[in-house]
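Reading through the structure tokens given below for one structure.
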Amino acid sequence: MPRRWPVPSTFSIVAWDPLNGDLGVAVQSKFLAVGAYVPAARAGVGAIATQAYANLSYGPRGLELLAQGLSAPEVLERLIGEDELRAQRQLGIVDASGRAAAYTGSECFSWAGHLVGEGWCCQGNILVGEGTIQAMANAFLEAQGELAERLLAALAAGQAAGGDRRGQQSAALLVVRVGGGYGGLSDRYIDLRVDDHPRPIEELARLLKLHRIYFQRPRPEDLLPLEGALLDQVRQELARLGYHPGPLGTPLDERTRQALFEFASLENLEERLSQGPWIDPVVLDFLREKGNPA
């Protein structure tokens, strides 16, 4: 069968964080909206990237098999064994125990290949050369921070080493965590896509920073007690913005809580609200900037 064009020819990394069990995929391609096709992941189960002449059934089918208890290598063998067009496919899988496996079909456009390590795999096709994949692996292993930042570092390194030989167009970052989604009701901890952009990895990095601001839940040790002078300042800023907090010089009351809730909700900061008598420094900074614009 002849090769088909266009295809999600790309470079990607699939990985697992042994510290907290996060699973994720990061991908870049000279292909429109690559994030709609390549990545698939489920918390506590695994993560998958399907590319080249991508078989989009690999994502849901692979996650189903992982959920049944098969390892990443076993799932990979099952998927490609059932696929008559496997020579045109490329696939990377990591399971929830950190076992990784990857496959590059013999008919993928050159340069095409993959690297597999403990808890991660990098794969790419139509690349400038093997250096893209090696640079990704090195950057991922050396990077600090959460899985999302490490995956993004791998993408940036891959691009700096040459990347997709056709250029750039889209990128995506998917990280899953049990209860990590909005409101704690899904596993979509981070799900960001840049569908069409001249520098999609840079734009993805900008979006990740915004995501951290708006949706990162505060660490308990960072919260500030809403009392005394700080509480009065919060009330003054809220009042300046048209909200109706409680009177100055009194303990935290329901009126102030409600005013702060309304402000945070309108600014899309509700994930950063505390249930106790504290305030997140990010919410406080937003409040100060809104109340005192430059």
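Heads up, the sequence shown is in numbering that gives the first Met the number 0, so the first residue is 0 and it goes up one at a time. We treat Cβ as the ideally placed atom computed from N, Cα and C, and that holds for glycine. Computed from a predicted structure; not experimentally measured.
Scanning its chain for C-beta atoms nearer than 6 Å, with the 5 sequence neighbours on each side dropped, one finds around R149 the residues F139, A142, in chain order. P38: member of the beta strand (DSSP E) spanning 38-41, first to last residue. Straight-line measurement puts the Cα of A48 at about 11 Å from the Cα of A171. Taking C-beta atoms as the reference points, I125 and F108 count as a pair closer than 8 Å. K208 sits exposed, since fewer than 16 C-beta atoms from the chains shown fall within 10 Å of its C-beta. The alpha-carbon separation between E261 and R176 amounts to approximately 28 Å. Assigned with DSSP and collapsed to three states, Y52 falls in coil, not helix or strand. Put simply, of D16, G80, K29 the residue whose alpha carbon is nearest the alpha carbon of D163 is K29. With respect to the 8 Å criterion, G104 and A53 are not classified as neighbours on the basis of their beta carbons. For the options L75, H243, N291, A156, the alpha carbon positioned closest to that of A258 is the one of H243. Within its own chain, the residues whose Cβ lies closer than 8 Å to the Cβ of G116, once the five positions on either side in sequence are excluded, are A99, A136, L140, listed in chain order. Short of 6 Å from the beta carbon of L154, and not among the five residues preceding or following it, lie these beta carbons of its own chain, in chain order: A25, Q27, I200.
Counting the other Cβ atoms within 10 Å of the Cβ of L247 gives fewer than 16, which makes it exposed.
The Cβ-Cβ distance between A160 and A134 falls below 8 Å.
Within the region 204-242, the complete alpha helix (DSSP H) segments of 4 residues or longer fall at 227-239, listed in chain order.
Check the Cα spacing between D82 and each of L65, Y57, P250: the tightest is with Y57.
The beta carbon of R187 sits closer than 6 Å to the beta carbons of G180 from its chain, once the five residues preceding and following it are set aside; these are given in chain order. The three-state secondary structure of T103, taken from DSSP, is strand. For the pair P224 and R271, the CB atoms are not nearer than the 8 Å cut-off. Separation of the CB atoms of Y102 and L75 is rounded to 6 Å, and the pair is thereby assigned contact status at 8 Å. DSSP, read as helix, strand or coil, puts L268 in coil. When DSSP reads this structure, A170 sits in a beta bridge with Q27, V193.
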